[in-house]
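Peer 1:
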Amino acid sequence: MTPRLGPGSVVAVWSADALARRLLAEALAQRFVQRGRPAVVMPDASAAAAVKPADLRPAAHALRQHIDDARRQALVVVDGSPLSTLAAGGLAPDDWPQPLVDAERAHAFTLLIAPADATPAAAARDTALRRAFAAAALPCAVIHGRDGTQRLARAWMALQSGLDGQEDAPPPARRLRPPTWNCERCSDPECEHRLFTDLIAGRPRAGG
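Just add 798 to wherever you are in the sequence shown, counting from 1, and you've got my numbering.
This is how it looks when you write it as structure tokens:
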């Protein structure tokens, strides 16, 4: 079944793994097109690692404008997002322009790919990204998977189940606050909320 999204909708894909993020964004857009929905991928053209700190905000605003232009004619799947560009560049959430935060909260979905790489470096990148994610109070679906095929299947299920859940209840007022975890949209059979809060608080995992 195809999720009920179309022109004007934005789906952002966040991940510390640039390759996993790009592949999932491309696969989602392709699947929408195959099912008769106009969709485009908005690449992470800013290459945040190479952007100078002074240029981070202009790069994020430019990406926001490209997204808003493209969504007039198609569903937009974003490889990253304006806020993830700022986060990856090291800009503190308190310094993020509020219009960018508000615009991103209005996205139809934000998909957060859990890291498949358990190395300390990967964990550190993911922790930094999630801190930024929590600061922006973005509702999300956490996507787990060992490979691209599995992540695509779980992302597609998250989009569908999330839309089904939105039909019976309007979304809550959007304001900057600690995130509300949509556990029914999580693709991990374990408790992602518990793992995330333990990670942020620096608590050891049970049995670890």
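Glycine included, C-beta positions come from ideal geometry on N, C-alpha and C. Nothing here was measured: the structure is a model prediction, and the numbers come from that model.
In or out: Val809 buried (at least 16 other Cβ within 10 Å) or exposed?
Peer 2: The sequence position of residue 809 within the sequence shown is 11, counting from 1. So Val809 counts as buried.
Peer 1: Between which two residues does the alpha helix (DSSP H) holding Ala837 run?
Peer 2: If you number the sequence shown from 1, residue 837 lands on position 39. First-last for Ala837: 837-840, but that is the beta strand (DSSP E), not the alpha helix (DSSP H).
Peer 1: Would you check if the distance between the CB atom of Val849 and the CB atom of Ala860 is smaller than 8 Å?
Peer 2: Within the sequence shown, residue 849 is the residue found at index 51, counting from 1. Within the sequence shown, residue 860 is the residue found at index 62, counting from 1. Taking 8 Å as the Cβ cut-off, Val849 and Ala860 do not qualify as a contacting pair.
Peer 1: Between the beta-carbon of Pro836 and the beta-carbon of Gln871, is there less than 8 Å?
Peer 2: In the sequence shown, residue 836 corresponds to position 38, counting from 1. In the sequence shown, residue 871 corresponds to position 73, counting from 1. Their beta carbons are under 8 Å apart, which means Pro836 touches Gln871 by this criterion.
Peer 1: Specify the secondary structure class of Ala939 as computed by DSSP and reduced to three states.
Peer 2: Start at 1 with the first residue of the sequence shown, and residue 939 comes out as number 141. Ala939: strand per DSSP, three-state reduction.
Peer 1: Using a threshold of 8 Å, state whether the C-beta atoms of Ala934 and Pro891 are closer than that.
Peer 2: Within the sequence shown, residue 934 is the residue found at index 136, counting from 1. Within the sequence shown, residue 891 is the residue found at index 93, counting from 1. The answer is yes: Cβ separation under 8 Å.
Peer 1: How about the segment 813-829 and the segment 948-955: do they share at least three Cβ pairs that are nearer than 8 Å?
Peer 2: yes
Peer 1: What span of residues does the beta strand (DSSP E) with Leu778 cover, start to end?
Peer 2: Not covered by the structure: residue 778. The range shown for the chain is 799 to 1006.
Peer 1: Any idea what DSSP makes of Ala906, helix, strand or coil?
Peer 2: On the sequence shown, residue 906 is found 108 positions in, with the first residue counted as 1. Three-state result, Ala906: coil.
Peer 1: Report buried or exposed for Pro851, applying the criterion of at least 16 other Cβ atoms within 10 angstroms of its Cβ.
Peer 2: Locating residue 851 in the sequence shown gives position 53, where the first residue counts as 1. Looking at its Cβ environment, which holds fewer than 16 other Cβ atoms inside 10 Å, Pro851 is exposed.
Peer 1: Taking the straight line between their C-alpha atoms, what separation do you get for Thr883 and Asp853?
Peer 2: The count along the sequence shown starts at 1 and reaches residue 883 at position 85. The count along the sequence shown starts at 1 and reaches residue 853 at position 55. Taking the straight line joining both Cα atoms gives about 11 Å.
Peer 1: Kindly indicate the opening and closing residues of the beta strand (DSSP E) around Ala810.
Peer 2: Along the sequence shown, one-based indexing puts residue 810 at 12. It spans 808-812 - the beta strand (DSSP E) in which Ala810 sits, taken as one unbroken run.
Peer 1: Rounded to a whole number of angstroms, what is the C-alpha to C-alpha distance between Asp924 and Leu936?
Peer 2: By one-based count along the sequence shown, residue 924 stands at place 126. By one-based count along the sequence shown, residue 936 stands at place 138. Asp924 and Leu936: Cα-Cα distance of roughly 16 Å.
Peer 1: Below 8 Å on the Cβ atoms is my guess for Asp815 versus Pro918; work out the distance and round it to an integer in Å.
Peer 2: The residue you call residue 815 lines up with position 17 of the sequence shown. The residue you call residue 918 lines up with position 120 of the sequence shown. In fact, because the Cβ distance is near 15 Å, the residues do not count as touching under 8 Å.
Peer 1: Using 10 angstroms around the beta-carbon of Gly943, count the other beta-carbons present and answer buried if the total reaches 16, otherwise exposed.
Peer 2: Along the sequence shown, read from residue 1 onward, the residue named residue 943 stands at position 145. Buried: at least 16 other Cβ atoms inside 10 Å.
Peer 1: Out of Ser959, Ala922, Ala921, Ile911, which has the shortest C-alpha to C-alpha gap to Asp945?
Peer 2: Walking along the sequence shown from the start, residue 945 turns up at place 147. Closest by alpha carbon: Ile911.
Peer 1: Tell me whether Gly960 is buried or exposed, calling it buried when 16 or more other Cβ atoms sit within 10 Å of its Cβ.
Peer 2: As a position in the sequence shown, residue 960 is number 162, starting the count at 1. The residue in question, Gly960, is buried, as its Cβ has 16 or more Cβ neighbours within 10 Å.
Peer 1: Would you please state the rounded distance, in angstroms, between the beta carbons of Arg869 and Pro805? I believe it to be under 8 Å.
Peer 2: Here the question's residue 869 lines up with position 71 in the sequence shown. Here the question's residue 805 lines up with position 7 in the sequence shown. Contact flag correct, Cβ pair sits at about 7 Å.
Peer 1: Here's the rule I'm using: 16 or more other beta-carbon atoms within 10 Å means buried, otherwise exposed. How should Ala825 be labelled?
Peer 2: The residue you call residue 825 lines up with position 27 of the sequence shown. Its Cβ being crowded by 16 or more others within 10 Å, Ala825 is buried.
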